[in-house]
Amino acid sequence: MVWIWLALGILFLILEALTSNFFLLWFACGSFVGALISKLGLSFEWQFGVFVISSGILLLLSRTVFVKFFLLRSGGRHVRTNVDSLIGKRGLIKNEVESKLRTGEVLIEGSLYGAISSSEEKLSVDSEVKVVGIQGNKLIVELLERG
Numbered sequence: 074m075v076w077i078w079l080a081l082g083i084l085f086l087i088l089e090a091l092t093s094n095f096f097l098l099w100f101a102c103g104s105f106v107g108a109l110i111s112k113l114g115l116s117f118e119w120q121f122g123v124f125v126i127s128s129g130i131l132l133l134l135s136r137t138v139f140v141k142f143f144l145l146r147s148g149g150r151h152v153r154t155n156v157d158s159l160i161g162k163r164g165l166i167k168n169e170v171e172s173k174l175r176t177g178e179v180l181i182e183g184s185l186y187g188a189i190s191s192s193e194e195k196l197s198v199d200s201e202v203k204v205v206g207i208q209g210n211k212l213i214v215e216l217l218e219r220g
């Protein structure tokens with residue numbers, strides 16, 4: 074039974090490497106604890122119980138630690154990640170945005186993103202814009218006043 078727990082732990086580690094969300098890591102650790110319990114000669118019920126409890130405790134503790142770590146680093150503010158971090162950033166229109174419905178492209182920090190206008194205003198190439206929101210997979214941008 075030890076080999077089954079070890080194989081399960083390795084499988085969880087491989088899946089964790091593919092997803093990298095720190096969820097399956099704790100089940101891998103629980104599997105290794107289950108292998109230790111199996112080595113002690115305890116029944117499968119004990120092995121499975123220890124696996125579930127240790128995985129659950131590690132999962133809850135890691136969530137608590139990560140939440141505290143990120144909240145302390147952000148000063149209690151919501152930390153923007155991924156595409157949300159683009160809100161408020163400036164960019165240049167690289168493919169004309171004709172309206173709220175006609176998509177263009179905006180260049181922000183070296184990457185091109187699909188964009189729509191926050192108004193019915195047409196945004197021409199090389200216009201400077203600011204990201205004000207996100208709608209689906211498009212950035213909502215508004216023209217910055219020159220001055």
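Residues in the sequence shown are numbered from 74 upward in steps of one, following our numbering. Beta carbons: idealized from backbone N, C-alpha and C, even for Gly.
Between the Cα of residue i and the Cα atoms of the options, which residue gives the shortest distance?
i	options	result
G103	L91, T92, S93, L133	L133
I189	T176, S200, L131	T176
V75	K211, L91, L217, S116	S116
F96	N210, S200, S135, L79	S135
If I measure Cβ to Cβ from residue i and keep anything under 6 angstroms in the same chain, skipping five residues before and after, which residues do I get?
i	result
S191	V205, I213, E215
I160	V204
G82	A101, S104, F105
V170	G177, A188, S190, L196
Got a sec? Which residues, its chain only, sit under 7 angstroms from residue i by beta carbon, not counting five neighbours each side?
i	result
L98	E89
L86	A101
Could you give the first and the last residue of the continuous beta strand (DSSP E) run that contains residue i?
i	result
E178	177 to 181
I201	The question names Ile, yet the displayed sequence has Glu at residue 201. Its beta strand (DSSP E) spans residues 201 to 208.
L216	211 to 216
Looking at the secondary structure, which residues open and close the alpha helix (DSSP H) in which residue i lies?
i	result
L91	75 to 92
Looking only at its own chain, which residues have a Cβ that is under 8 angstroms from the Cβ of residue i, when we skip the five neighbours before and after it?
i	result
V198	I166, K167, N168, E169
Quick check on the DSSP output: what are the complete alpha helix (DSSP H) runs of length 4 or more inside the segment 97 to 138, in order along the chain? Taking only runs of at least 4 residues, the alpha helix (DSSP H) segments lying wholly in the segment 97 to 138 are 97 to 112.
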